[in-house]
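Residue numbers (the numbering used here): 59 to 809.
By construction, the Cβ of each residue, glycine as well, lies at the ideal position given by its N, Cα and C atoms.
Quick caveat: nothing in here was measured; it's all calculated off a predicted structure.
Before any comments, here is the structure.
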C-alpha cells in the first residue's frame with residue numbers, strides 16, 4: 059500500500075490486513091525472523107518487526123511525518139503504536155531493588171535498554187494520583203519524573219523514567235534554587251505535602267536541573283497511602299507549606315505574595331479545565347474518584363483565580379458541587395474508601411464537611427459510618443444558644459406536618475464490633491421525613507441516690523440517623539440530601555446547614571476563636587489582635603478534623619519563654635504501642651461515637667465535665683525546676699511545641715478533668731499565662747492542656763521511660779523489640795529514630 063505525499067487516502071481495512079500478512083510472511087523468511095530455532099517467538103525481534111511493519115504499511119517510500127493521513131488512518135497508526143508499547147512493557151526485567159516503602163524496583167526494557175522505576179501500590183488510585191501530579195507538573199513546565207500506568211507480570215503498576223545523572227540536594231540548596239521555588243504554588247495546588255521529602259530526598263538535581271521524583275503523596279493521599287482532605291474551595295497549603303517547622307517550609311520560606319501571584323497566574327494560563335479533565339481521564343481513574351479529583355482540581359484552580367484576582371484563562375462554568383448539593387455523595391465515597399483502613403482498629407470510619415456560619419460548633423458536621431446497621435450518623439454540636447432555642451420550641455416543632463416528637467429517648471454509642479454499648483445522656487427524639495433526629499438534653503439519671511447530672515460533653519449534641527444502603531445511586535443520595543437540608547432548616551433552625559461557610563463567616567469565626575483562645579476581654583478589638591486573627595488558617599490537625607492554626611506561634615512562645623515540650627503518660631507500655639498503631643491520641647468522645655468503647659483513667663468524669671471532647675497533655679518548660687525531662691511517672695509520649703500553633707486547646711494549672719463548666723471556665727489559663735508561670739519556676743505537676751478531638755502520631759517526637767530498673771520501661775522495650783538500654787534512651791530525639799525503625803518493622807509506618 060502506498061500513500062503519496064500530499065494526498066489524503068481512506069484506509070481500506072481488508073487491504074491493510076492482507077498486506078500486513080504478506081509482510082509478516084516475508085519477514086519470517088528472512089534473518090530478522092522473530093521465530094527462534096525452537097519455534098518460540100522472540101519478543102524483542104517481534105517488536106522490531108512491528109515497528110518496521112508500521113513504517114512500511116503507513117509510510118511506503120515516503121517519510122511518515124510527511125504523509126497527511128485521514129482520521130481513520132491516524133487511529134490505525136496509534137493502535138499499532140499502542141500494541142507495540144504493550145509488547146515492550148512485557149519485556150521489562152527487574153534489575154534493582156525497591157527504594158522507598160512501596161513494593162517495586164528498577165526494571166530495564168530489553169529492547170531499548172531504557173530503565174524504569176516501577177512501583178506497585180496496594181491502592182492503584184494512588185498510582186493514578188501520582189500520574190496526574192506528574193502530568194500536571196509537566197504541563198506547567200516544572201521538572202518531574204515522566205510516568206505511565208502499565209502492567210508488569212500481570213499486575214498494575216506505575217513506571218517512571220530514570221533521571222539523567224541524579225544527585226541529592228540539601229535543603230539549603232533547594233532554598234537557593236529558583237527552579238525549585240518556582241513550583242511552590244503548583245505543589246500547594248496539588249497538596250503535595252511531601253514534595254521535599256522528610257530528609258530532602260524527593261527533589262534531586264539532574265543534568266537538566268532540579269526534578270521532583272516522588273509525588274505519590276499528592277491530592278487525596280498521604281505519602282504512606284492514607285487518605286487526606288483535598289478540598290475544592292480552599293488551598294490551605296499556600297500557608298501551611300510555608301511553615302518553617304517542616305522541610306517544605308524551610309525550602310519555600312521567604313516567598314512573597316507577589317511571587318505566589320505570578321506562579322498562580324502561570325498555572326491558570328497553562329492548565330485549563332479541559333487539560334484537567336484530559337489528564338484525569340488518561341490516568342485511568344474512574345467513577346467517583348475521577349469525578350472528585352476533577353471537581354477538586356477545577357475548584358482549586360478557581361480558588362487561585364479568586365485568591366490572587368487573576369485573569370480566568372480557560373475557565374468554564376462548573377456545578378456548585380461544594381454548595382448545599384452534591385456533598386453527601388462525596389461523604390459516602392470517603393467513608394467507603396476509609397472503611398478498610400480503620401476496620402482493624404475496631405472503629406467506624408468518619409468523614410467531615412465544613413458547614414454553616416453561625417449555628418454549629420467549629421463549623422463542622424461529622425458523618426459516622428454505620429452502614430452495616432443500615433444507616434449513617436450525622437454527628438455535630440449546635441451552639442449553646444441554638445440548642446436552647448430548639449429545645450424551647452419543641453411544642454411548635456411537634457405541630458409541623460409529619461413530625462413526631464418522642465421524649466425520654468437516649469443518645470447511645472454502640473460498639474463497632476457489636477460488643478456492648480454506652481448510654482451518654484437523655485435526649486429528645488424527632489421523627490421526620492424518614493430521618494431520626496436526636497437532640498441531647500445533656501441529662502443523665504445517675505440513680506435514686508444521685509439524681510440527674512449534666513453531661514457537659516453532650517451539651518448541644520445532635521445525632522441524625524440517615525438511612526443508607528451500600529450501592530445507592532446518586533439520585534437516592536440527592537433525595538436524602540434534600541431531606542437533611544429540610545431538617546437542618548425547619549427543625550434545627552440552621553438555614554445554611556449544608557453550605558460551605560462564606561469568607562465573611564470564616565473571618566467572624568477566626569475572630570471569635572482568637573478571643574476564646576487568648577482569653578481576650580469583650581469590647582473593641584485591638585489592631586494587633588485583629589492582625590493575629592487574620593493570620594489564622596484552617597488546617598487538618600488530626601485525620602478528618604480541622605481547626606484554626608496560627609502558624610509559627612509556637613516559635614514565638616519559645617523565643618519568649620524558653621524551650622518546652624508536651625507529655626502524655628500512658629497507663630501501660632502496651633497502651634503506647636496501641637496509640638502508635640492507632641495513629642495517635644484520640645479523645646474519649648471521638649472514640650465512643652466511632653464505636654471504640656475503651657475507657658481511660660477518668661472517662662465518666664471527663665464526659666461529665668466536658669473534658670471527654672479533648673485529649674489531655676501536660677507542658678514542661680526547660681529550667682522550670684521540676685526536671686521533668688529526667689523523671690516521668692511511666693511510659694510517656696513526648697510531643698514538640700508546634701502543637702501550640704493550634705487554637706483549639708485550653709489549659710488549667712491544676713488537674714480539672716478538662717472542665718468546660720461555667721463555674722470552672724473563667725479559671726482556665728491563656729497560653730501566655732501558662733508558659734509565663736512555668737518559665738518562672740512555678741511548675742505544677744498537675745497542669746493540663748486539652749486539645750480537641752485528637753493529636754496525630756506525626757506530632758510525637760520521643761518516648762520517655764522511667765529509670766532502667768523500672769519493669770514498665772523494660773516491657774515497653776520488649777513490646778517494640780528493643781533492648782532495655784535502647785528503651786531507656788527513647789525519650790531523646792535521637793532515640794526516637796530507633797523506635798521508628800522498630801515500629802516500621804512491625805508495620806507501624808507513621809510516627
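- Rounded to the nearest whole angstrom, the C-alpha separation of residue 707 and residue 611 is 14 angstroms.
- Looking at the backbone, the Cα of residue 558 and that of residue 301 are separated by about 26 angstroms.
- Taking the Cα of residue 229 as reference, the smallest distance to any Cα among 217, 738, 261 and 201 is reached at 261.
- Per DSSP, reduced to three states, the secondary structure at residue 286 is coil, with no helix or strand assignment.
- For residue 628, no alpha helix (DSSP H) run applies, since DSSP gives it neither H nor E.
- The residues 608, in chain order, have a CB closer than 7 angstroms to that of residue 593 in the same chain once the five nearest residues on each side in sequence are set aside.
- In the DSSP secondary-structure assignment, residue 268 is bridged to 263.
- For residue 672, DSSP records a beta bridge to 750.
- Here residue 493 is bridged, per DSSP, to 490.
- Taking 8 angstroms as the cut-off, the beta carbon of residue 254 is found no closer than this to the beta carbon of residue 294.
- Restricting attention to 226, 213 and 201, the CA atom closest to the CA of residue 236 is found in 201.
- Approximately 6 angstroms separates the beta-carbon atoms of residue 480 and residue 650; this is inside 8 angstroms, confirming the contact.
- Relative to residue 218, the option among 232, 191 and 198 whose CA is nearest is 191.
- Nearest to residue 177 by C-alpha distance, out of 197, 206 and 194, is 206.
- Counting C-beta pairs with one atom in each stretch, the region 427-445 and the region 510-523 have three or more that are closer than 8 angstroms, which means they touch.
- Contact between the region 664-677 and the region 634-646 is present, with at least three C-beta pairs closer than 8 angstroms.
- If you check the CB distance, residue 391 and residue 653 do not come in under 8 angstroms.
- Burial check for residue 492: the Cβ neighbour count within 10 Å stays below 16, so the residue is exposed.
- Contact between residue 409 and residue 389 holds, with the beta-carbon distance rounding to 5 angstroms and staying under 8 angstroms.
- As for any alpha helix (DSSP H) of minimum length 4 sitting wholly inside the region 547-600, the runs are 561-576 and 585-593, ordered along the chain.
- Exposure of residue 589 is indicated by the presence of fewer than 16 other C-beta atoms within 10 angstroms of its C-beta.
- Under the three-state reduction of DSSP, residue 519 is assigned to strand.
- For residue 195, there is no enclosing beta strand (DSSP E); the residue is part of the alpha helix (DSSP H) that begins and ends at 182-197.
- In this structure, residue 660 sits near residue 715, with a CB-CB distance shorter than 8 angstroms.
- In the structure shown, residue 759 falls within a strand segment according to DSSP collapsed to helix, strand and coil.
- Distance from the Cα of residue 574 is smallest, within the candidate group 613, 606 and 334, for 606.
- For residue 456, the uninterrupted alpha helix (DSSP H) segment begins and ends at 452-456.
- Judged by pairs of C-beta atoms under 8 angstroms, the region 346-359 touches the region 273-280, as three or more such pairs exist.
- In its chain, beyond the 5 residues on either side, 634, 637, 692, 693, 694 and 695 have a beta carbon closer than 8 angstroms to the beta carbon of residue 628.
- Beta-bridge partners assigned by DSSP to residue 727: 709.
- In the structure shown, residue 333 adopts helical secondary structure according to DSSP, grouped into three states.
- Boundaries for residue 619: no beta strand (DSSP E) harbours it, while the alpha helix (DSSP H) harbouring it runs 611-619, taken from the DSSP string.
- Restricting attention to 299, 282, 234 and 199, the CA atom closest to the CA of residue 247 is found in 299.
- Across the structure, residue 570 and residue 469 are spaced so that their CA atoms are roughly 29 angstroms apart.
- The Cβ-Cβ distance between residue 189 and residue 216 falls below 8 angstroms.
- A Cβ-Cβ separation of about 6 angstroms places residue 467 in contact with residue 496 under the 8 angstroms criterion.
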